[in-house]
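Peer 1:
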């Protein structure tokens, strides 16, 4: 019995270390300490995270499965390069999910849910007014996920979370998030107004418009960045 307990505890320790490594590497992505197209040294990551290589390698395998890195035999791990096609697909998929969830959310939303959404909106509007700071990115994601979560459709919500991970980790969200702040604030505020008034058509129209605007600005930003690297 003692041997079995030790095995269980040892397995839990491995899982805890792998999770710690995974979250640490995610944080490096978010803070642009790991960038698209970069070769990743698991030994360097292990040193920076102050842990052994084993949990770091396990975390990289998890990130590979999620599409953040790729493994090349005998060469190691690399972050994926920027793909305009994938970025476009991500935003299109976001629009499909978020707009499809709107009618469900509006039917299910309670006064408490509406207050939760309003609080998320207020936090976004009060975030530091600098598009390159991480707080604004996080508050934007929080607002959109709060709206989706009010639908209680778990599969779509989890898919949406992964799409935000791709945008804000893999593609460095502070580069993508270049839509003028006043425009974003206005679109978010109008979206809340339509939801509060249970106007499904109005809410769907403004949400489509908002995601389309953000996508177009992101594409222009990435194209400009790619052109600058070529010169």
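In the working numbering, the protein residues as written are 1 to 231.
Even for Gly, the Cβ is constructed at its ideal location relative to N, Cα and C.
From residue 145 to residue 161, what distance separates their C-alpha atoms?
Peer 2: Indexing the chain shown from 1 puts residue 145 at position 145. Indexing the chain shown from 1 puts residue 161 at position 161. For residue 145 and residue 161, the distance between alpha carbons rounds to 7 Å.
Peer 1: In the structure shown, what three-state DSSP assignment does residue 15 receive?
Peer 2: In the chain shown, counting from the first residue as 1, residue 15 sits at position 15. Helix.
Peer 1: Using only the alpha-carbon positions, how far apart do residue 210 and residue 19 sit?
Peer 2: Mapped onto the chain shown, residue 210 falls at position 210. Mapped onto the chain shown, residue 19 falls at position 19. Taking the straight line joining both Cα atoms gives about 35 Å.
Peer 1: For residue 93, tell me which candidate among 183, 121, 230, 212 has the shortest Cα-Cα distance.
Peer 2: For the purposes of this step, residue 93 is identified with residue 93 of the chain shown, where counting begins at 1. It is 212.
Peer 1: Residue 135 bridges to which residues according to DSSP?
Peer 2: For the purposes of this step, residue 135 is identified with residue 135 of the chain shown, where counting begins at 1. Answer is none; residue 135 lacks a bridge partner.
Peer 1: With DSSP as the reference, identify every bridge partner of residue 72, one or two as the case may be.
Peer 2: The residue you call residue 72 lines up with position 72 of the chain shown. The partner list for residue 72 (beta bridge, DSSP) reads 76.
Peer 1: How many whole angstroms separate the CB atoms of residue 207 and residue 102, which I take to be in contact at a CB cut-off of 8 Å?
Peer 2: Residue 207 sits at position 207 when you count from the first residue of the chain shown. Residue 102 sits at position 102 when you count from the first residue of the chain shown. Contact flag correct, Cβ pair sits at about 6 Å.
Peer 1: Give me the Cβ distance between residue 76 and residue 166, rounded to the nearest whole Å; I'm assuming they're in contact under 8 Å.
Peer 2: Stepping through the chain shown from its first residue, residue 76 is reached at position 76. Stepping through the chain shown from its first residue, residue 166 is reached at position 166. So it is not a contact: roughly 22 Å between Cβ atoms.
Peer 1: Output the boundary residues of the alpha helix (DSSP H) element that contains residue 119.
Peer 2: Taking the chain shown and counting its residues from 1, the one referred to as residue 119 is at position 119. Its alpha helix (DSSP H) spans residues 111-125.
Peer 1: So if DSSP puts residue 40 in a beta bridge, which residue, or which two residues, is it bridged to?
Peer 2: Here residue 40 refers to the residue found at position 40 when the chain shown is read from its first residue. According to DSSP, residue 40 bridges with 77.
Peer 1: With DSSP run on the structure shown, which of helix, strand or coil describes residue 52?
Peer 2: On the chain shown, residue 52 is found 52 positions in, with the first residue counted as 1. Residue state, collapsed to three classes: coil.
Peer 1: Hey, is residue 112 close to the ligand ZN, as in C-beta under 7 Å from one of its heavy atoms?
Peer 2: Absence of the ligand ZN from the depicted structure is noted, as is the absence of any ligand whatsoever, leaving it without description.
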